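*Asks:* Those protein sequences? They're chains A and B, same order as listed.
In case it helps, this note's numbering puts the first sequence at residues 4 to 344.
In case it helps, this note's numbering puts the second sequence at residues 4 to 344.
Note that CB positions come from ideal geometry on N, CA and C, so glycine has one too.
Since the structure is predicted, the reported quantities are computational estimates derived from the model, not experimental observations.
There are 2 protein chains.
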Amino acid sequence: MSDENNSEEYYKSYENLDVHHLMLSDKPRTLAYRTAILNAKDKFVDKVVMDVGAGTGILSMFCAQAGAKKVYAVEASIIAELIPDVAKENNFEDKIEVIQKRVENIAADEIEKVDIIVSEWMGFYLLHEGMMDSVIIARDRFLKQDGLIFPDTAKIYAAPCQLPSVHEFWDDVYGVKMRSVASQYIKAKIKPDVLDLPQEDLLGDGVLLVWLDLNTIDSEDLNSLGIEESISICNKAGNYQGFCIWFDVDFPDGSTLSTSPSSESTHWKQTIIVMPGTIKVEEKEPVAFNLKFDRNSEDCRKYNLSFTQLDPEEVSHPIPCDCYMTKCIVTKAFLESQKQE
Amino acid sequence: MSDENNSEEYYKSYENLDVHHLMLSDKPRTLAYRTAILNAKDKFVDKVVMDVGAGTGILSMFCAQAGAKKVYAVEASIIAELIPDVAKENNFEDKIEVIQKRVENIAADEIEKVDIIVSEWMGFYLLHEGMMDSVIIARDRFLKQDGLIFPDTAKIYAAPCQLPSVHEFWDDVYGVKMRSVASQYIKAKIKPDVLDLPQEDLLGDGVLLVWLDLNTIDSEDLNSLGIEESISICNKAGNYQGFCIWFDVDFPDGSTLSTSPSSESTHWKQTIIVMPGTIKVEEKEPVAFNLKFDRNSEDCRKYNLSFTQLDPEEVSHPIPCDCYMTKCIVTKAFLESQKQE
Numbered sequence: 004m005s006d007e008n009n010s011e012e013y014y015k016s017y018e019n020l021d022v023h024h025l026m027l028s029d030k031p032r033t034l035a036y037r038t039a040i041l042n043a044k045d046k047f048v049d050k051v052v053m054d055v056g057a058g059t060g061i062l063s064m065f066c067a068q069a070g071a072k073k074v075y076a077v078e079a080s081i082i083a084e085l086i087p088d089v090a091k092e093n094n095f096e097d098k099i100e101v102i103q104k105r106v107e108n109i110a111a112d113e114i115e116k117v118d119i120i121v122s123e124w125m126g127f128y129l130l131h132e133g134m135m136d137s138v139i140i141a142r143d144r145f146l147k148q149d150g151l152i153f154p155d156t157a158k159i160y161a162a163p164c165q166l167p168s169v170h171e172f173w174d175d176v177y178g179v180k181m182r183s184v185a186s187q188y189i190k191a192k193i194k195p196d197v198l199d200l201p202q203e204d205l206l207g208d209g210v211l212l213v214w215l216d217l218n219t220i221d222s223e224d225l226n227s228l229g230i231e232e233s234i235s236i237c238n239k240a241g242n243y244q245g246f247c248i249w250f251d252v253d254f255p256d257g258s259t260l261s262t263s264p265s266s267e268s269t270h271w272k273q274t275i276i277v278m279p280g281t282i283k284v285e286e287k288e289p290v291a292f293n294l295k296f297d298r299n300s301e302d303c304r305k306y307n308l309s310f311t312q313l314d315p316e317e318v319s320h321p322i323p324c325d326c327y328m329t330k331c332i333v334t335k336a337f338l339e340s341q342k343q344e
Numbered sequence: 004m005s006d007e008n009n010s011e012e013y014y015k016s017y018e019n020l021d022v023h024h025l026m027l028s029d030k031p032r033t034l035a036y037r038t039a040i041l042n043a044k045d046k047f048v049d050k051v052v053m054d055v056g057a058g059t060g061i062l063s064m065f066c067a068q069a070g071a072k073k074v075y076a077v078e079a080s081i082i083a084e085l086i087p088d089v090a091k092e093n094n095f096e097d098k099i100e101v102i103q104k105r106v107e108n109i110a111a112d113e114i115e116k117v118d119i120i121v122s123e124w125m126g127f128y129l130l131h132e133g134m135m136d137s138v139i140i141a142r143d144r145f146l147k148q149d150g151l152i153f154p155d156t157a158k159i160y161a162a163p164c165q166l167p168s169v170h171e172f173w174d175d176v177y178g179v180k181m182r183s184v185a186s187q188y189i190k191a192k193i194k195p196d197v198l199d200l201p202q203e204d205l206l207g208d209g210v211l212l213v214w215l216d217l218n219t220i221d222s223e224d225l226n227s228l229g230i231e232e233s234i235s236i237c238n239k240a241g242n243y244q245g246f247c248i249w250f251d252v253d254f255p256d257g258s259t260l261s262t263s264p265s266s267e268s269t270h271w272k273q274t275i276i277v278m279p280g281t282i283k284v285e286e287k288e289p290v291a292f293n294l295k296f297d298r299n300s301e302d303c304r305k306y307n308l309s310f311t312q313l314d315p316e317e318v319s320h321p322i323p324c325d326c327y328m329t330k331c332i333v334t335k336a337f338l339e340s341q342k343q344e
């Protein structure tokens, strides 16, 4: 399935320790895993765990701290060679077994079955260069019946937003008008941006576009994701200039790692689709869209995002719906009167 | 002198409008030029100006706002095509003349001589991929006798610093010891880092290493810069783990754009040389070093930085010197007693 050349590059790029330093320095990310694992000590004590894509081994150490009997730290890159020393420093050398292989290359009978899989596999907007496929393979090959996966659900959300730094920025650049540059600048924004969107630039709540249950999902389910017709209701008036995409993952203990604009910033930031123009929206205005994620046929670690604006008149709304359209106001009033009777 | 292939790449990379957005969004940078130019209105009124590497034309517009009669906006990349529209938006179409060429390719008799040159040519640690050579050519070919250059001086400073995010970070990574990773991480840091150093991590004042007068300097003077033997006196106790390098430029009106850790952050940040170990230093301890910048023989837009720690006992100290060494305390006391008499 995977293009071998692209994979090689992927594993080489992780040899760069700066990337691991960046990921470890991402406090909401690393602490979310620590909290979820240490919260669930009762589930880890005396259990066998597999850490898929262990990197420097931080999650493996958290699992050992939580009482795991044994942790297979699976890491294909040269970084794997650092893990035994880390284990030793933390007095876990008897618990951690490093396997310097891609999980795809470990035979089913090579190691024992595991009670828990932990993995930090998420990429930009969850899917980009993500390694959920490896987690699925690990699950199917090594996880015991009723075993646990940390995290076990993943969700992608999107919401309309305003982008003043992309659009209005050019109106007055320290006293100079540059609208003519703006149009070229926005035209060139064909690829999504990755940035921290200020929370106040969100125009609506996140609409759930993708909901993945890692206990049951298959690789083929990941080929095409998204929803044909979605509706977001603006919760304030503003300049609708793009869509903001983020993801959350949930752990078996009930805790969540969120990369939304209202959560503490992570290295994933948010992924932004820039629209070519500005649409003035009002509070309660419905915004309809089609947002799809399709696997790139050349490189299965990448996705093509496609975004289409739809006419909110021609899309079916939820029932009840909070938008300002007459049919929704009437439906909602009717439902409320029924409830009172 | 310049490798043509490298130059081509350089001009192409500026076609990316994201880079211009980033530079315009750098408020201390852009406002420093605006302030310096508008402060010096008396020098701009009815004068002819050349903007070397004009980009989107922002500095050209500031010059026109300051009253310039004519501004030659010299920009080799395709971005030049945007400048006439920007000029029009600001009603300066009669003042701005765009020349879509490298300044090196404009013949001396092609345009009139200019009263003022403005240019934002600085790169990381001033010199990296900088274009001071182009400013020197513009000066020699087009600037009138006694003409002005904005900015007209440039200085590089360096100071010892502590780097807790590089060194101590690994001591306790959310409850996990990772000192064994630290040594590999630091070993891999052969190239300087570019980051915003927290001001409190500076261990001494900046030592002036390079002082360039743009009115008189020649390209050959830029081949090798730095000082054989420098001394920095620590102004507090700490972990000496690296050197922090930054630059300032001064404008003819007396204003300064500083990229020091104590100034507002810019896109240049600071350049950090990471030392392999930690040296505990005390207040008033002298730190001696050799820091040199030599042009890369393959690519004249790049420099090789070389850093050597020296023995403060074997380096001549300034007189008087504030360090704690006996000879300096004695010399200083003697000089002070002389002054009192």
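Skipping 5 residues on each side, what residues in its chain have a beta carbon closer than 6 Å to that of Q103(B)?
*Replies:* Correct list, in chain order: A83.
*Asks:* Grab me the residues of W124(A)'s own chain with a C-beta within less than 8 Å of its C-beta, minus the 5 sequence neighbours each way, in chain order.
*Replies:* Counting only Cβ-Cβ distances below 8 Å, and skipping sequence neighbours, we find V55, G56, G133, M134, M135, S137, V138.
*Asks:* Output the distance between the C-alpha atoms of S235(B) and C303(B), rounded to the nearest integer angstrom.
*Replies:* The alpha-carbon atoms of S235(B) and C303(B) are separated by roughly 30 Å.
*Asks:* Taking N242(B) as part of the alpha helix (DSSP H), name the residues at either end of that continuous run.
*Replies:* Per DSSP, N242(B) belongs to no alpha helix (DSSP H); it is in the beta strand (DSSP E), 241 to 253.
*Asks:* I think I99(B) touches V74(B), with their Cβ atoms under 8 Å apart; what is that distance to the nearest whole Å?
*Replies:* The Cβ separation is near 5 Å, so the contact holds.
*Asks:* Quick one: is K180(A) near chain B, going by C-beta distance under 7 Å?
*Replies:* Answer yes: the Cβ-Cβ gap between K180(A) and chain B drops below 7 Å somewhere.
*Asks:* Grab me the residues of V277(B)'s own chain with a C-beta within less than 8 Å of its C-beta, minus the 5 sequence neighbours each way, in chain order.
*Replies:* Counting only Cβ-Cβ distances below 8 Å, and skipping sequence neighbours, we find L166, V169, I189, K192, P195, D196, Q244, G245.
*Asks:* Would you please verify whether the beta carbon of N93(B) is less than 7 Å from any beta carbon of chain A?
*Replies:* Chain A contact via Cβ: present.
*Asks:* Under a three-way DSSP split, which group does V169(B) fall into?
*Replies:* Coil, per DSSP.
*Asks:* Taking Cβ to Cβ, would you say F47(A) is nearer than 7 Å to A76(A)?
*Replies:* No.
*Asks:* Which ranges does the alpha helix (DSSP H) cover as unbroken runs of at least 4 residues, wholly within the region 122 to 192 of chain B, from first to last along the chain?
*Replies:* Here the runs fully enclosed are 135 to 145, 182 to 190.
*Asks:* Considering only the alpha carbon of each residue, which of D175(A), L205(A), T334(A), Q343(A) lies closest to V284(A)?
*Replies:* Of the candidates D175(A), L205(A), T334(A), Q343(A), the one whose C-alpha sits nearest the C-alpha of V284(A) is L205(A).
*Asks:* For W214(A) versus K158(A), is the C-beta distance shorter than 7 Å?
*Replies:* Yes, Cβ-Cβ distance for W214(A) and K158(A) is below 7 Å.
*Asks:* Tell me the rounded alpha-carbon separation between K335(A) and S261(A).
*Replies:* Cα to Cα, the separation comes out at about 31 Å.
*Asks:* Would you tell me roughly how many angstroms separate the C-alpha atoms of T33(A) and M53(B), rounded to the nearest one?
*Replies:* About 52 Å.
*Asks:* Mind checking H23(B): buried by the 16 CB within 10 Å criterion, or exposed?
*Replies:* The residue in question, H23(B), is buried, as its Cβ has 16 or more Cβ neighbours within 10 Å.
*Asks:* Using a beta-carbon distance cut-off of less than 9 Å, what residues from the region 58 to 77 of chain B approach chain A?
*Replies:* Going along the region 58 to 77 of chain B in chain order, one finds T59, G60, I61, M64, F65, Q68 with a Cβ nearer than 9 Å to chain A.
*Asks:* Quick one, which residues of the region 185 to 203 of chain B are near chain A if we go by CB-CB under 7 Å, in chain order?
*Replies:* Within the region 185 to 203 of chain B, the residues whose Cβ lies closer than 7 Å to some Cβ of chain A are Q187, Y188, A191, listed in chain order.
*Asks:* Compute the Euclidean distance between the alpha carbons of F345(A) and K287(A), then round it to the nearest angstrom.
*Replies:* Given a span of 4 to 344 for chain A in the structure shown, any question on residue 345(A) remains unanswerable.
*Asks:* I want to know whether the region 175 to 189 of chain A touches the region 211 to 228 of chain A - three or more CB-CB distances under 8 Å.
*Replies:* Judged by Cβ distances under 8 Å, the region 175 to 189 of chain A makes no contact with the region 211 to 228 of chain A, as fewer than three pairs qualify.
*Asks:* Cα-Cα, which of D118(A), S80(A), D88(A) is closest to L151(A)?
*Replies:* Closest by alpha carbon: D118(A).
*Asks:* Using only CA atoms, which one of E301(A), L228(A), L129(A), T59(A) lies nearest to H270(A)?
*Replies:* Comparing Cα positions, the closest option is L129(A).
*Asks:* Could you tell me the alpha carbon to alpha carbon distance between I332(B) and Y177(A), rounded to whole angstroms?
*Replies:* Those two C-alpha atoms are separated by around 51 Å.
*Asks:* Just the Cα atoms here: how many angstroms apart are K72(B) and D208(A)?
*Replies:* About 53 Å.
*Asks:* DSSP beta-bridge partners for P100(A)?
*Replies:* Reading the sequence as shown, one finds Glu at residue 100(A) and not Pro. In DSSP, E100(A) forms a bridge with Y75(A).
*Asks:* Per DSSP, W214(A) is paired with what?
*Replies:* Note: W214(A) sits in a beta bridge opposite K158(A).
*Asks:* In whole angstroms, what is the alpha-carbon distance linking V106(A) and F292(B)?
*Replies:* One C-alpha to the other measures close to 49 Å.
*Asks:* Name the chain A residues that come within less than 7 Å of S80(B), Cβ to Cβ?
*Replies:* None at all; the shortest Cβ gap to chain A is about 13 Å.
*Asks:* Enumerated in chain order, which unbroken segments of the beta strand (DSSP E) with a length of 3 residues or greater are wholly contained in the region 37 to 91 of chain B?
*Replies:* Fully enclosed beta strand (DSSP E) runs of 3 or longer: 51 to 55, 73 to 77.
*Asks:* Just to confirm, are T274(B) and F127(B) a CB contact at a threshold of 7 Å?
*Replies:* A contact, by the Cβ cut-off of 7 Å.
*Asks:* Taking DSSP as the reference, what is the three-state secondary structure of S266(B)?
*Replies:* Residue state, collapsed to three classes: coil.
*Asks:* For V52(B), would you say it is in contact with chain A, using Cβ-to-Cβ distances shorter than 7 Å as the test?
*Replies:* False, the Cβ-Cβ gap to chain A never drops below 7 Å.
*Asks:* Within 7 Å (strictly less), CB to CB, does Y17(B) reach chain A?
*Replies:* Because Y17(B) carries a pLDDT of 39, less than 50, the predicted location of this residue cannot be relied on, and the following value inherits that uncertainty. Answer no: the Cβ-Cβ gap between Y17(B) and chain A never drops below 7 Å.
*Asks:* Only counting the same chain, and skipping five residues up and downstream in sequence, which positions put a Cβ closer than 6 Å to that of S16(A)?
*Replies:* Because the pLDDT at S16(A) is just 44, under 50, the model does not fix this residue reliably, and the value given afterwards should be weighed accordingly. Same-chain partners within the cutoff: there are none.
*Asks:* Could you spell out the range, first to last residue, of the beta strand (DSSP E) harbouring T281(B)?
*Replies:* Note, T281(B): beta strand (DSSP E), 273 to 284.
*Asks:* Between C324(B) and the rest of its own chain, which residues show a CB-CB distance below 6 Å, the 5 nearest in sequence each way excluded?
*Replies:* Around C324(B): C331.
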